[in-house]
Amino acid sequence: MGRRLRWLPVLLAIAAPLSAQAPASEEASAEEPDFFFLTGGPYTQLKNSFQMIWANQFVRDRSGSLPAVVTRDFVGAGRFEWGFTDRFEFDLEFGYLRPRERTGGVSTVSAQGVDDTMLGVRYRLLREPSFPVTLTTGPQVILPSASRRQGLGTGKSSYAWDLALARDFGGPFFLGASLNASVTPDVADLAPGSSRRFDLSAVEWGVAFLLRPLERDTPAGSHHDLHLYLELGGGRFEEIDVGGRTRRTEVLAAPGIRYGFLTAAKTLTEIGLSIPLGLNRNAPDWGIILQVQFEYVF
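Below is the structure:
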């Protein structure tokens, strides 16, 4: 079937880089940088605040073999975050998949449907400036809402652990990194009549460098900012194929840009564009990610 970039819904622990003007203090701020495309962010939501994220992703890949296999995948991925406290949040991820594949000009894969659903919690263990980095971690459960019959999922629940950290150097520079490890136990073989079952694992990662060329306050108390990105991301994945288990490793680089507007009431709206580019044979050739986010504090 066509490839899909599973790092997008899983690594959508992403929220927009808010204003860089936040004071360095122990108190959680509504202006902490936290918007990435491939990389998970460690900044949990404020108490009684929520964030909605939606990302549309288009991926294209062409194999070098003959007959040529051309893959065009679309993924719509959503994420909801709610802050129970300034350090502890609830996460929900959901999405829609539409893989397309043509071999030698003939359609071989054409499916669509919902993605698996992720439920998770995260706790901020370390916080700048008391520590050199901000560090957040927590467990996740991925429920099998995607159709196995259409090749969109395994039909089994997965269990994951998410880790994200960042360092805000102040001024124009910011670094972030994330790691997500998951296991899907007892997945049935696709071969007809086979009774074999496999445990599948995945490890996904991302590293982000952020540059802030524009941070501008207005007399009314609102804030405009423009941020530039360079991210590296990818992972090692195990999947079920007819007759057994396969493994692949993907590595991508993704330049990106994002604009954010923070009102005087601390309501944030952001929009960003990223172009992931495959760096190895197993990664998709290129893609486009368009991401929109909204954050509100009650």
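Quick note, the sequence shown lines up with residues 0 to 297 if you use numbering that gives the first Met the number 0. Note that the Cβ used here is the ideal one computed from N, Cα and C, for glycine as well. Because the structure is a prediction, the values reported are computed rather than measured.
Are residue i and residue j closer than 8 Å when you measure CB to CB?
{"i": "residue 255", "j": "residue 295", "result": "no"}
{"i": "residue 180", "j": "residue 202", "result": "yes"}
{"i": "residue 275", "j": "residue 37", "result": "yes"}
{"i": "residue 298", "j": "residue 135", "result": "Because the chain in this structure spans residues 0 to 297, residue 298 falls outside the shown range and cannot be described."}
{"i": "residue 190", "j": "residue 241", "result": "yes"}
{"i": "residue 99", "j": "residue 72", "result": "yes"}
{"i": "residue 236", "j": "residue 210", "result": "no"}
{"i": "residue 91", "j": "residue 112", "result": "no"}
{"i": "residue 239", "j": "residue 199", "result": "yes"}
{"i": "residue 311", "j": "residue 34", "result": "Nothing about residue 311 can be reported from this structure: the residues present for the chain run from 0 to 297 only."}
{"i": "residue 299", "j": "residue 103", "result": "The chain is shown only over 0 to 297; residue 299 falls outside these bounds and no answer can be derived."}
{"i": "residue 94", "j": "residue 110", "result": "no"}
{"i": "residue 115", "j": "residue 138", "result": "no"}
{"i": "residue 56", "j": "residue 80", "result": "no"}
Under the rule that 16 or more other beta-carbon atoms within 10 Å means buried, what is residue i, buried or exposed?
{"i": "residue 10", "result": "Because the pLDDT of residue 10 is 39, which lies under 50, any placement of that residue in the model is unreliable, and the question is left without a value."}
{"i": "residue 158", "result": "exposed"}
{"i": "residue 282", "result": "buried"}
{"i": "residue 219", "result": "exposed"}
{"i": "residue 52", "result": "buried"}
{"i": "residue 121", "result": "buried"}
{"i": "residue 233", "result": "buried"}
{"i": "residue 26", "result": "Because the pLDDT of residue 26 is 45, which lies under 50, any placement of that residue in the model is unreliable, and the number read from its coordinates should be weighed accordingly. The residue is exposed, with fewer than 16 neighbouring Cβ atoms inside 10 Å."}
{"i": "residue 175", "result": "buried"}
{"i": "residue 287", "result": "exposed"}
{"i": "residue 217", "result": "exposed"}
{"i": "residue 263", "result": "exposed"}
{"i": "residue 41", "result": "buried"}
{"i": "residue 251", "result": "buried"}
{"i": "residue 151", "result": "buried"}
{"i": "residue 259", "result": "buried"}
{"i": "residue 182", "result": "exposed"}
{"i": "residue 78", "result": "buried"}
{"i": "residue 153", "result": "buried"}
{"i": "residue 62", "result": "exposed"}
{"i": "residue 14", "result": "At residue 14 the pLDDT is 36, less than 50, meaning the model places this residue with poor confidence; the figure from the coordinates comes in the next sentence. Counting Cβ neighbours within 10 Å, residue 14 comes out buried, since at least 16 surround it."}
{"i": "residue 126", "result": "buried"}
{"i": "residue 156", "result": "exposed"}
{"i": "residue 213", "result": "exposed"}
{"i": "residue 167", "result": "buried"}
{"i": "residue 185", "result": "exposed"}
Could you tell me which residues DSSP pairs with residue i in its beta bridges?
{"i": "residue 179", "result": "161, 203"}
{"i": "residue 277", "result": "251"}
{"i": "residue 167", "result": "173"}
{"i": "residue 151", "result": "Paired residue(s): none; residue 151 is not in a bridge."}
{"i": "residue 138", "result": "160"}
{"i": "residue 133", "result": "165"}
{"i": "residue 297", "result": "Bridge partners of residue 297: none, in fact."}
{"i": "residue 48", "result": "296"}
{"i": "residue 271", "result": "257, 290"}
Is the beta carbon of residue i within less than 7 Å of some heavy atom of the ligand GDP?
{"i": "residue 196", "result": "Looking at this structure, you won't find the ligand GDP or any other ligand, since it has none at all."}
Evaluate contact between the region 213-223 and the region 269-284, counting only Cβ atoms and requiring at least three cross-stretch pairs below 8 Å.
no
So, do the region 123-133 and the region 141-153 have three or more beta carbon pairs nearer to each other than 8 Å?
Judged by Cβ distances under 8 Å, the region 123-133 makes no contact with the region 141-153, as fewer than three pairs qualify.
Start-end ranges of the beta strand (DSSP E) lying completely within the region 185-268, minimum 3 residues
196-216, 222-240, 243-261
Note down, one range per segment and in chain order, each beta strand (DSSP E) of at least 3 residues found wholly within the region 55-127.
68-82, 87-102, 105-109, 116-125
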